[in-house]
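Number of protein chains: 2
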Amino acid sequence: MFELDLRSRSPVYEQLVEKIKDLIINNVLQPDEQLPAVRVLAGELTINPNTIQKAYRELEHRGYIYSVPGKGSFVKPAVAGDHDARLRALENELSRIISEMLYLGAYPADIITRIQTQLFKDKGGQPHD
Amino acid sequence: MFELDLRSRSPVYEQLVEKIKDLIINNVLQPDEQLPAVRVLAGELTINPNTIQKAYRELEHRGYIYSVPGKGSFVKPAVAGDHDARLRALENELSRIISEMLYLGAYPADIITRIQTQLFKDKGGQPHD
DNA sequence: TCAACCGTGCTATTAGTGATAGTACACATA
DNA sequence: TATGTGTACTATCACTAATAGCACGGTTGA
């Protein structure tokens, strides 16, 4: 399910959060689908259950999953609520990236068009223009 | 010159690297301009000189500045060389951000247009289209 | 020449935290 | 009741960010 880099400077639990978040965002994990149990995933990845739990706790805090004691952890259907804050954060990242691309002499508009075309191919969505 | 968050999870030297990198990218610090001496900046920010040195070393390693023992540290005129690797990394970030924006129901194209217009206003550059 | 300033390198120490191991408890379900 | 689930807690180890302090060599100007 995952590939982890135990030697990375980035903490394992953080890598887990990002990977699972990506799976949710890209609809690989669908709404209300059950995530692997803490101990099971820990066994598969041969890491400590506490690390998985920390990742799940963080994902729940960020609004991507919900956990039910005695039942399991599941993908949250609508990541409702604080879309605005998240969107603002993404815009800041985007602004920084575009600035750096311009500094490097690249043409962000071209690159962005290529990326969106790629995403369109992958998922069959309708690119807004 | 800077504002640091000593309580941040992000290391101080890493914050320094990012801030100075932004100043260079945005042309606030111009090519061959001398950066504050390690001990001076440490004094202003009331942090340890070693922390500044670590940030400068990292910036030199990333190709944003160059240091001359006995003289000082300066902004590297052309961040030559590994533009390609950096650009690929930026494209990956961009792809991830656009995916997440789409997931959040936003229209990345609109947002990007707005950001570029903003950058155009700020710096008077010519946006490529 | 010499004092002042510069980057650089090193050791040692402290504080914080990621990750592990192990145990325990409460809830859900067959 | 037995099993599987999330959750909570303590303790320990390892790594590292950050600090303090010292030393060295190159540069510059008086």
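Quick note, the sequences are listed as chains A and B, same order. The numbering used here applies: residue 1 is where the first sequence begins, and numbers increase by one. The numbering used here applies: residue 130 is where the second sequence begins, and numbers increase by one. Where is the CB? At the ideal position from N, CA and C, for every residue including glycine. Please read these numbers as outputs of a predicted model, since none were measured by experiment.
Residues near residue i in its chain [Cβ-Cβ closer than 8 angstroms; skip 5 each side]
i      : result
D161/B : F203, V204, P206
E111/A : A small correction: the amino acid at residue 111/A is Ile; Glu does not occupy that position in the sequence shown. Same-chain partners within the cutoff: M101.
R62/A  : V17, K21
T242/B : none
Q159/B : V204
Y195/B : E189, S202, F203, K205
is_contact[residue i, chain B] using C-beta, thresh 9 angstroms
i      : result
A55/A  : no
R96/A  : yes
L134/A : Absent from the structure is residue 134/A, since the part of chain A shown begins at 1 and ends at 129.
R86/A  : yes
T51/A  : no
N48/A  : no
S67/A  : no
S73/A  : no
Assigned exposure category for residue i - 16 Cβ within 10 Å defines buried
i      : result
P11/A  : exposed
V38/A  : buried
Y142/B : buried
A55/A  : buried
M6/A   : Note on residue identity: the sequence assigns Leu, not Met, to residue 6/A. L6/A is exposed by the Cβ-count criterion.
T246/B : exposed
Y138/A : Outside the displayed span of chain A (1 to 129) sits residue 138/A, for which this structure offers no information.
K21/A  : buried
V68/A  : exposed
V28/A  : exposed
I115/A : buried
Below-9 angstroms beta-carbon distance, residue i vs any chain A residue
i      : result
H212/B : yes
Y270/B : What is shown of chain B runs 130 to 258, which leaves residue 270/B out entirely.
E220/B : yes
D134/B : no
L188/B : no
L170/B : no
S139/B : no
Own chain residues within Cβ distance below 6 angstroms of residue i, not counting five before or after
i      : result
R138/B : none
L41/A  : I52
K148/B : F131
H128/A : Reliability fails at H128/A, whose pLDDT of 49 lies under 50, so the model's placement of it is uncertain and the value that follows must be treated cautiously. Excluding residues within five positions, none has a Cβ falling inside 6 angstroms.
Q34/A  : G72, F74
I24/A  : Y64, V75
P178/B : V167, R168, A171
I227/B : P237
R96/A  : none
E58/A  : V17
D122/A : none
Residues near residue i by beta carbon distance below 7 angstroms, same chain, minus five either side
i      : result
L133/B : V141, Q144, L174
I176/B : V141
Q: Compile a chain-ordered list of the residues in the stretch 230 to 252 of chain B whose CB is closer than 8 angstroms to at least one CB of chain A.
A: Along the stretch 230 to 252 of chain B, going in chain order, the ones with a CB nearer than 8 angstroms to a CB of chain A are M230, L231, Y232, L233, G234, A235, Y236, P237, A238, D239, I240, I241, I244, Q245, Q247, L248.
Q: Just list the alpha helix (DSSP H) runs in the stretch 200 to 248 of chain B, keeping only unbroken ones of 4 residues or longer that don't cross its boundaries, in chain order.
A: 212 to 232
Q | Contained alpha helix (DSSP H) runs [length at least 4] in the stretch 138 to 168 of chain B, N- to C-terminal order | A | 141 to 154
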